[in-house]
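K.L.:
In UniProt numbering, the protein residues as written are 1 to 538.
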């Protein structure tokens, strides 16, 4: 699984017009052996009248229409095509885990690997079927040369499934891949080259976006790295200006504090030496932080390689169930990561995610023993040397409701709650969508309302704050748009465009946003931008 990158999709001017073509008929016969792909896909066609988004949270009808392969645009910088790689690169085991994946996306992932990778580099493709409803989804694919199918006897989740796949891998290099991807031209050579040069490197490609609606293949920015906020919410962020200026070549590797976790390459012996994954984490979520902290703090490094591109279908919801619910599972997993690796900095995690306090997360004794055995550095070293850009926020509001007011005329005012709604500060935030009858409004005001009896506004509150999500701030754009942009003017006069909250009064118990002039804005846009916003002192 991968974290959202939609807001950073672009079409760089430098992208070459080349496309990666599907193989000729005779080549397909060599790739697939005796596998009957038409019968495989036809057995699971969408029925007329069925919702194409219901089962997989993407447009299954469009995916099925595309079939098992297609030409996609080469989204790399043009200099990447002229790079040379060692002729004796080691082969890799591709590990793909899935649970009830659509057959068309799963087969397209496999075929793209076979089509766009040097055959000598593909030792095997290991499919881990995490107890899908139909065992034939995986078993039939084992007819394809180099493809092996392993099926779990019960639902284990991505984390434990990947450990099983890695344990059975025969190659010295592991490549982890999601089950709804399409790899691009020469995607594999840059990553294996970097790992061959230094076995402690863990490398990831640039993740292009495959639209969940029409399956268009869209180029992502080449100037991004992985980051996070104190709630351990992954985000893509711009490369720091110092790092960007130091890069003389756009093909150079990008150091990243964390990886998204869905697609990466790692030396198998290094993976085992570092303790694989924390197998007491469940299903999915948070494992990328635990792995990233461990790699950096225990002697390795993380990189994103601009000359490696892989497309991924980013979904807006999980199409499968979590045994304990998505929120509780994520809290358990991230709390394990915080307790083992973040040392005294875990206080910021609990400040940003108060609902994690008191939640069970199991024993971490074995992971603490592993950390001592590996003689890993403290989290303070990570903060100072790997991610110094992560600010220490003073959390003003960690729960409550985000409210906007709108007026259709001067005589009528209405409020609609669109933020996290909680009964207590230690409860799990729940979201409620505004009524569908609200479309456009002419005047808005934003308020952050603490919940009565659960959060008291400090009396000394007299400084305005901007609305932040990690390193991004909510700001106005013209007269009809709100957006997230890099926070500016810290410690100085802030631009007027940046939205900020102002205290209404010592006893009012709320903060209001200063944007109170005429603004036409669709509430859907506002809802998308404000999701997961926290308030910090700037």
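From the three backbone atoms N, C-alpha and C, an ideal C-beta is built for every residue, glycine too.
Please read all numbers here as calculations on a predicted model, not as lab measurements.
Considering only the beta carbon of each residue, do residue 302 and residue 292 sit closer than 7 Å?
P.N.:
Here the question's residue 302 lines up with position 302 in the chain shown. Here the question's residue 292 lines up with position 292 in the chain shown. Going by C-beta atoms, residue 302 is nearer than 7 Å to residue 292.
K.L.:
Between the stretch 279-294 and the stretch 187-196, are three or more C-beta pairs nearer than 8 Å?
P.N.:
Taking 8 Å as the limit for Cβ pairs, the verdict is that the stretch 187-196 does not touch the stretch 279-294.
K.L.:
Going by alpha carbons, who is nearest to residue 80 out of 249, 120, 155?
P.N.:
Your numbering for residue 80 matches position 80 in the chain shown. Comparing Cα positions, the closest option is 249.
K.L.:
To the nearest angstrom, how far is it from the Cα of residue 32 to the Cα of residue 113?
P.N.:
Within the chain shown, numbered from 1, the residue matching residue 32 stands at position 32. Within the chain shown, numbered from 1, the residue matching residue 113 stands at position 113. Roughly 12 Å separates the two Cα atoms.
K.L.:
Does residue 251 come out as helix, strand or coil in the three-state DSSP assignment?
P.N.:
Mapped onto the chain shown, residue 251 falls at position 251. Residue state, collapsed to three classes: coil.
K.L.:
Since I believe residue 52 is in contact with residue 41 (beta carbons under 8 Å), could you give me their beta-carbon distance rounded to a whole number of angstroms?
P.N.:
Within the chain shown, residue 41 is the residue found at index 41, counting from 1. Within the chain shown, residue 52 is the residue found at index 52, counting from 1. Actually they are not in contact, since the Cβ atoms of residue 41 and residue 52 sit about 15 Å apart, beyond 8 Å.
K.L.:
Three or more C-beta pairs under 8 Å: does that hold for the stretch 90-97 against the stretch 117-129?
P.N.:
Cβ pair count under 8 Å is three or more, so yes.
K.L.:
Give me the Cβ distance between residue 274 and residue 258, rounded to the nearest whole Å; I'm assuming they're in contact under 8 Å.
P.N.:
Translated into positions along the chain shown, residue 274 becomes position 274. Translated into positions along the chain shown, residue 258 becomes position 258. Contact doesn't hold; Cβ gap of about 15 Å is too wide.
K.L.:
So, at 6 Å on beta carbons, what are the nonlocal neighbours of residue 353 in its own chain, with the 5 sequence-adjacent residues on each side left out?
P.N.:
The residue you call residue 353 lines up with position 353 of the chain shown. Cβ within range, chain order: 231.
K.L.:
Hey, out of 176, 239, 37, 280, whose CA is closest to residue 93's CA?
P.N.:
The sequence position of residue 93 within the chain shown is 93, counting from 1. The shortest C-alpha separation from residue 93 is found at 176.
K.L.:
Nearest to residue 35 by alpha carbon, out of 110, 71, 372?
P.N.:
Here the question's residue 35 lines up with position 35 in the chain shown. The option with the nearest alpha carbon to residue 35 is 110.
K.L.:
At the level of alpha carbons, what is the spacing between residue 374 and residue 347?
P.N.:
In the chain shown, the residue the question calls residue 374 occupies position 374. In the chain shown, the residue the question calls residue 347 occupies position 347. Using only the alpha carbons, I get a separation of about 24 Å.
K.L.:
Rounding to the nearest angstrom, what Cα-Cα distance links residue 90 and residue 178 in this structure?
P.N.:
Here residue 90 corresponds to residue number 90 of the chain shown, with the count starting at 1. Here residue 178 corresponds to residue number 178 of the chain shown, with the count starting at 1. Their Cα atoms are separated by approximately 22 Å.
K.L.:
DSSP beta-bridge partners for residue 305?
P.N.:
Locating residue 305 in the chain shown gives position 305, where the first residue counts as 1. DSSP, once it has assigned bridges, lists 205 as partnering residue 305.
K.L.:
Looking only at DSSP bridge pairs, what is residue 45 linked to?
P.N.:
The residue you call residue 45 lines up with position 45 of the chain shown. DSSP output for residue 45 lists no bridge partner at all.
K.L.:
Would you check if there are 3 or more beta carbon pairs closer than 8 Å linking the stretch 65-85 to the stretch 307-314?
P.N.:
Contact holds: three or more Cβ-Cβ distances are below 8 Å.
K.L.:
What is the DSSP secondary structure of residue 365, counted as helix, strand or coil?
P.N.:
For this step, residue 365 is matched to residue 365 along the chain shown. The answer is helix: DSSP assigns residue 365 an H, G or I state.
K.L.:
Helix, strand or coil, according to DSSP, for residue 276 in the structure here?
P.N.:
Here the question's residue 276 lines up with position 276 in the chain shown. Reduced to three states, the DSSP call for residue 276 is coil.
K.L.:
Report yes if the CB atom of residue 350 is closer than 7 Å to the CB atom of residue 357, and no otherwise.
P.N.:
In the chain shown, counting from the first residue as 1, residue 350 sits at position 350. In the chain shown, counting from the first residue as 1, residue 357 sits at position 357. Contact flag set, yes.
K.L.:
Keeping to the same chain, check which residues put their C-beta closer than 7 Å to that of residue 342; ignore five residues upstream and five downstream.
P.N.:
As a position in the chain shown, residue 342 is number 342, starting the count at 1. Closer than 7 Å at Cβ, skipping near neighbours: 349, 379.
K.L.:
Note the first and the last residue of the continuous alpha helix (DSSP H) segment covering residue 109.
P.N.:
For the purposes of this step, residue 109 is taken as residue 109 along the chain shown, with counting starting at 1. Unbroken alpha helix (DSSP H) run through residue 109: 103-115.
K.L.:
Report all residues from its chain with a CB closer than 8 Å to the CB of residue 156; omit the five preceding and five following residues, and keep chain order.
P.N.:
Taking the first residue of the chain shown as position 1, residue 156 is located at position 156. Same-chain partners within the cutoff: 130, 131, 164.
K.L.:
Near residue 180, which residues of its chain fall below 6 Å by C-beta distance, leaving aside the five closest residues on each side in sequence?
P.N.:
The residue you call residue 180 lines up with position 180 of the chain shown. Excluding positions up to five away in sequence, the list reads 105, 313.
K.L.:
Find the nearest neighbour of residue 103 within the set 84, 39, 137, 82, judged by alpha-carbon distance.
P.N.:
Position 103 of the chain shown, counted from the first residue, corresponds to residue 103. It is 137 whose Cα lies nearest to the Cα of residue 103.
K.L.:
Could you give the DSSP three-state label for residue 626: helix, strand or coil?
P.N.:
This structure leaves residue 626 out entirely; the chain is present only between 1 and 538.
K.L.:
On the DSSP letters alone, give me the boundaries of the beta strand (DSSP E) that residue 227 sits inside.
P.N.:
Here residue 227 corresponds to residue number 227 of the chain shown, with the count starting at 1. Counting along the chain, the beta strand (DSSP E) containing residue 227 begins and ends at 224-228.
K.L.:
Starting from residue 183, trace the beta strand (DSSP E) in both directions and tell me its first and last residue.
P.N.:
For the purposes of this step, residue 183 is taken as the residue at position 183 of the chain shown. Per DSSP, residue 183 belongs to the beta strand (DSSP E) from 181-183.
K.L.:
So which of 151, 147, 88 has the shortest CA-CA distance to residue 134?
P.N.:
Along the chain shown, read from residue 1 onward, the residue named residue 134 stands at position 134. Answer by Cα proximity: 151.
K.L.:
Short of 7 Å in beta carbon distance, which residues of its chain neighbour residue 371, apart from the five on each side in sequence? Order them along the chain.
P.N.:
Locating residue 371 in the chain shown gives position 371, where the first residue counts as 1. 340.
K.L.:
Could you have a look at residue 459 and say whether DSSP puts it in helix, strand or coil?
P.N.:
As a position in the chain shown, residue 459 is number 459, starting the count at 1. Note that residue 459 scores 29 on pLDDT, short of 50, meaning its location in the model is unreliable and no value can be drawn from it.
K.L.:
State the start and end residues of the unbroken alpha helix (DSSP H) segment that holds residue 384.
P.N.:
Within the chain shown, numbered from 1, the residue matching residue 384 stands at position 384. 379-385 is the extent of the alpha helix (DSSP H) around residue 384.
K.L.:
Residue range of the alpha helix (DSSP H) that residue 296 falls in?
P.N.:
The residue given as residue 296 occupies position 296 in the chain shown. Its alpha helix (DSSP H) spans residues 287-297.
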